[in-house]
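Q: Dropping the structure in here first, questions after.
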Amino acid sequence: MDTWYWALEYVRVFFAYVMILFVWPSVVFRDYLRGRSRTVRFAFCVTVPVVLLNTVVLSLGVFHILYGWLIAVLFYGTLLLGLLKWHPVRREQIKKISRLFLGTYGIRLLLLRLRNRVKDGIGRAHAEFGRSIQGRRCVYLMLGVVVCFGMVYFSYGAFHDYSYGFGDMYRHHSWIYGLLNGTPFYEGIYPEAMHCFIYAMRVLFGVKIYSSQLFLAGIHVAVFLVSAYLLLKELFAWDGTAVLALALFLTVDLLCIDEIFSMSRLQWTLPQEFGLYTQFLCALFLLRCLKADFSDRSGSRRERIRRFLTDENLLLFLLSLAASLAIHFYVTMMAFFICVVIAACRLPSLFQKRRFGSLAKAVCLGVLIAVLPMGIAYAKGVPFQGSIGWAVNVMNGTDTAEGRTSQAEQILEQETAQMSNGQTAAGERMTENGETTEAAVQPTEQSHSGNGQTPDGGIADAGQNTPQKQSAGNRMLAMAKRMAASFTGKAQLVWKYGYVQLYRENRAEWIVFFSGLALLLWAVYRILAGIITGLLKKGRDRKQIRQLYDGYPLLVGISVLFMIVYAAPFLGMPELIAGSRLCSTEQLFILAVVVIPVDLIAGAIALTPGRRVLPLALAAGVAVIYVGTRQLGIFHGYLYYELTRYNAAVMVTQDITDKFPKNSYTIVSTTDELYQVIEQGRHEELLTFLNRVNGSGYTLPTEYIFVYVEKRPIQYAQSHFFTGPDWLAEEKYTSYYTTYFSEGNSINASEISREQADKEMMTFSKLSQTYSNLDSRTILESKAYEWCRKFEASYPQEMKVYYEDENFCCYIIRQNTYRLYQLEES
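Mapping the sequence shown onto this note's numbering, position 795 (from 1) lands on 795, and the numbers just tick up by one.
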């Protein structure tokens with residue numbers, strides 16, 4: 001029963017998601033999208049609604065006119081106008097409707113003709129789609145298979161654990177609820193495009209915020225994968241290679257906790273992961289802009305502005321940048337890193353004629369669109385949210401939760417101390433009888449040259465201390481040696497604290513090997529292509545042949561730059577982005593580098609009549625990756641949620657909200673139930689309840705009171721790994737964890753008892769710590785259980801067990817709202 005309920009909620013979230021992100025822009029902007037490529041239409045659909053919703057919702061909220069009905073009027077009104085423009089109502093259709101109401105036109109005939117029109121429309125759309133993908137059906141079929149597999153993999157956890165997978169999701173829920181009450185930036189200024197999107201799903205389609213938060217990430221990962229495919233397709237010579245890279249991304253296992261955490265974040269509805277797709281779109285359309293021609297200066301100023309605004313590559317680059325900034329600042333920074341590599345590899349194109357100016361204008365406009373609502377709020381006195389300070393703390397090294405600067409400093413200090421101790425020990429080699437050898441104490445000429453002593457202990461000529469004047473060539477050589485030594489040292493640190501830390505030494509060696517091989521293959525091909533095309537006549541094909549594999553250095557450069565950013569704390573550089581947030585994107589680009597040799601061969605075959613075998617080769621390649629990873633023992637494992645509630649608690653809360661009248665009940669529990677019930681009923685903190693029942697005059701004003709008791713208090717936020725069918729994933733990642741984890745049906749928990757109930761409640765500076773500390777939680781749950789037993793003994797008719805299993809129990813109290821129970825009397 002539970003599975004069917006959540007399956008229905010998943011369908012509702014999916015329907016609302018598709019309607020807002022794809023159907024609405026396809027109808028409203030149909031004239032603009034007509035005749036555009038599938039890439040352009042996809043990118044337009046996944047950026048425009050996000051940017052528009054963010055701008056409209058936040059702007060209305062800042063001026064205190066944010067109402068759900070107003071958003072519904074704007075959304076459905078524009079959708080209706082788009083439909084009417086697409087299919088205008090003709091006079092004869094109006095007559096038929098009039099005759100229907102007059103009774104002279106049969107309803108069955110009207111429905112029959114309407115069905116025939118819909119059937120014909122679907123047939124035409126299907127035929128048009130079939131023609132558009134002709135010759136590439138296998139690529140799209142395999143891409144669909146890979147994307148669907150990814151959606152199942154990242155959605156599986158939501159059907160396994162019904163609670164939020166990460167603590168930050170509760171805070172984001174409260175911000176969305178703030179939008180429902182007309183208050184943007186509920187806790188301060190913070191990018192809220194994702195919150196505006198979920199808010200729209202709530203007010204336009206009635207989807208519960210809890211369900212949206214639970215399932216949206218597993219659905220939205222499809223956009224992440226397709227966006228990555230579009231960028232990789234632009235960089236590879238053969239489209240199928242991008243599909244193979246995604247197949248590897250979704251099947252190869254992970255070897256580091258940071259990677260497991262980063263990949264698990266893709267299944268949690270969080271702003272950064274919601275916006276990760278925009279980094280690929282920013283890079284894609286920047287690359288296309290660098291390939292386009294911007295030399296045309298003809299026409300008036302108005303015509304040039306029109307060309308700027310209607311240039312699809314510039315427009316989508318602008319919109320992708322605006323969307324990334326409106327969703328999460330980290331995403332914009334990651335997009336910047338990718339774009340830096342692209343710009344560096346295409347530097348001559350970047351500064352060619354009017355291109356740089358147009359790109360600069362697009363960047364400025366995109367930033368302005370994204371930050372305008374934030375700027376208005378800041379001007380009205382709204383402060384920045386605390387997460388901005390957290391990001392700054394990560395950069396300056398004071399954050400220890402996800403930031404690694406302090407850890408890096410400690411590790412480097414320990415290694416330096418060990419090296420110093422090793423050198424001291426080597427300099428004091430002892431003989432067998434304990435006396436120091438002569439060689440050990442014999443000073444060297446170099447060691448005494450600074451104090452004017454000769455090797456025999458005499459005083460050297462003072463003139464010998466006069467520094468020799470070096471030639472310019474020697475100085476340049478010395479500087480080059482110092483730079484080479486510095487570069488070598490930094491490269492070793494990136495190797496040790498980047499590649500080896502994430503992938504272990506064996507796999508790291510293969511990654512570096514494939515990176516070097518990719519650059520070598522590209523260089524050899526460039527040389528040969530230059531020679532061959534030089535012998536051909538001038539034409540377009542010469543340039544295309546030379547640049548066929550120019551995406552390879554970009555892929556290698558992006559993967560290396562992301563690894564440097566990850567290892568930044570160990571290089572003495574600021575940690576611009578918390579390292580664990582980079583790993584999923586880094587993993588994708590590294591695996592793309594690994595398949596470069598395949599792309600080189602496939603790209604060459606695509607230029608010959610043998611290209612007919614490529615679709616079959618793609619299907620075989622995806623199958624080989626899936627079967628091969630399983631047979632080689634490198635198939636990925638199940639991910640985890642940070643478990644905070646029993647599934648029974650979630651389902652009981654949902655049952656209460658569905659069955660009982662709004663605001664007729666109060667749920668007494670830990671904070672987690674607050675967010676699920678906040679729109680329907682009241683919530684009382686368990687800690688507040690237990691403190692007040694020891695006083696006097698304590699009542700709760702609702703007809704029904706539900707008291708939640710965990711008979712086995714849960715270890716809060718434990719990393720709870722899923723279990724399931726082995727065709728989807730393996731149960732393997734728990735081996736990287738030593739404490740605070742569980743798997744499958746085994747959940748870390750304690751036991752309530754009367755002895756625990758007799759203990760004093762523990763005090764903490766934060767309410768969350770009272771519940772997250774297992775000893776404290778056990779005491780609280782034990783006291784709640786003892787209170788329920790006493791109250792039941794006093795009022796056996798009024799207090800009943802609403803639900804109970806071996807882990808969780810829910811009691812219900814019904815009272816007369818005109819004569820409330822004094823709860824402390826129990």
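Heads up, the beta-carbon is just placed ideally off N, CA and C, and yes, glycines get one too.
1) Just to confirm, are leucine 700 and leucine 823 a CB contact at a threshold of 8 Å?
2) Assess, as a yes-or-no matter, whether the region 754 to 765 is touched by the region 671 to 681 under the definition of 3 or more beta carbon pairs within less than 8 Å.
3) Among Ser486, Leu618, Tyr640, which has the Cα closest to the Cα of glycine 165?
4) From the DSSP secondary-structure annotation, give me the bridge partner or partners of cysteine 810.
5) For threonine 836 versus alanine 343, is the C-beta distance shorter than 8 Å?
6) Please classify glutamine 453: does DSSP put it in a helix, a strand, or coil?
7) By the DSSP assignment, the beta strand (DSSP E) with leucine 270 in it spans what residues?
8) For lysine 783 and threonine 739, what's the separation of their Cα atoms in angstroms?
9) Within 10 Å of its beta-carbon, does histidine 328 have 16 or more other beta-carbons around it, so buried, or fewer, so exposed?
10) Short check: CB of tyrosine 5 to CB of glutamine 676, under 8 Å?
11) Once the 5 residues before and after lysine 532 are set aside, which same chain residues still bring their CB inside 8 Å of it?
12) Suppose you measure from the CA of arginine 482 to the CA of proline 553; what does that come to, to the nearest Å?
13) Quick check: the region 509 to 516 against the region 478 to 492, are at least 3 beta-carbon pairs closer than 8 Å?
14) Could you check the C-alpha separation between valine 51 and glycine 473 for me, to the nearest Å?
15) Evaluate the contact criterion for the region 603 to 618 versus the region 223 to 239: three or more CB pairs, one atom per stretch, below 8 Å.
16) I'd like to know whether the C-beta atoms of tyrosine 733 and isoleucine 219 end up nearer to each other than 8 Å.
17) Would DSSP call arginine 202 helix, strand or coil?
18) For alanine 749, which of helix, strand or coil comes out of DSSP?
19) Alanine 567 and glycine 498: beta carbons closer than 8 Å?
20) Out of Leu246, Ala217, Leu214, Gly366, state which residue places its alpha-carbon closest to the alpha-carbon of tyrosine 830.
21) Under three-state DSSP, which class holds isoleucine 714?
22) Using the three-state DSSP reduction, which class does isoleucine 656 fall into: helix, strand or coil?
23) To the nearest whole angstrom, what separates the beta carbons of isoleucine 667 and tyrosine 708, a pair I think is in contact under 8 Å?
24) Compute every distance between the C-beta of tyrosine 153 and the non-hydrogen atoms of the ligand PLP, then say whether any falls below 7 Å.
25) Label tyrosine 829 either buried or exposed according to how many other C-beta atoms from any shown protein chain fall within 10 Å of its C-beta, with 16 as the threshold for buried.
26) For alanine 292, which residues of its own chain have a beta-carbon under 7 Å away from its beta-carbon, when the five flanking residues on both sides are left out?
27) If you follow the beta strand (DSSP E) that valine 668 is in, where does it begin and where does it stop?
28) Please report how far the alpha carbon of arginine 645 lies from the alpha carbon of asparagine 745, in whole angstroms.
29) Does the beta-carbon distance from leucine 214 to cysteine 196 come in below 8 Å?
30) Please go through the region 109 to 183 and give each complete alpha helix (DSSP H) segment of 4 or more residues, from N-terminal end onward.
31) Relative to the alpha-carbon of arginine 777, which residue among Thr723, Gly572, Ile714 has its alpha-carbon at the smallest distance?
32) May I have the straight-line CA-CA distance separating leucine 477 from serine 471, to the nearest angstrom?
33) Where valine 243 and valine 13 are concerned, what is the direct C-alpha to C-alpha distance, given to the nearest angstrom?
34) State yes or no: is the C-beta of phenylalanine 249 within less than 8 Å of the C-beta of cysteine 282?
35) Any idea what DSSP makes of valine 252, helix, strand or coil?
36) For alanine 127, collect the residues of the same chain with a Cβ closer than 6 Å to its Cβ; drop the 5 residues on either side in sequence, then sort them by chain order.
A: On the basis of the coordinates in this document:
1) yes
2) no
3) Tyr640
4) Tyr708, Tyr803
5) Beyond the ends of the chain as shown, which are 1 and 826, falls residue 836; an answer cannot be given.
6) Because glutamine 453 sits at a pLDDT of 43, beneath the cut-off of 50, its placement in the model cannot be relied upon, and the following sentence gives the value as read from the coordinates. Strand.
7) From DSSP, leucine 270 is part of no beta strand (DSSP E); its letter is neither H nor E.
8) 27 Å
9) buried
10) no
11) A quick correction: the sequence has isoleucine, not lysine, at residue 532. Excluding positions up to five away in sequence, the list reads Ile545.
12) 27 Å
13) no
14) 57 Å
15) yes
16) no
17) helix
18) strand
19) yes
20) Lying outside 1 to 826, the shown extent of the chain, residue 830 is not represented and no answer is given.
21) strand
22) helix
23) 7 Å
24) In the structure shown, the ligand PLP is absent, as is every other ligand, since no ligand is present at all.
25) In the structure displayed, the chain extends from 1 to 826; residue 829 sits before or after that span and is not available.
26) Asn313
27) 665 to 669
28) 13 Å
29) no
30) 137 to 160, 168 to 180
31) Ile714
32) 10 Å
33) 27 Å
34) no
35) strand
36) none
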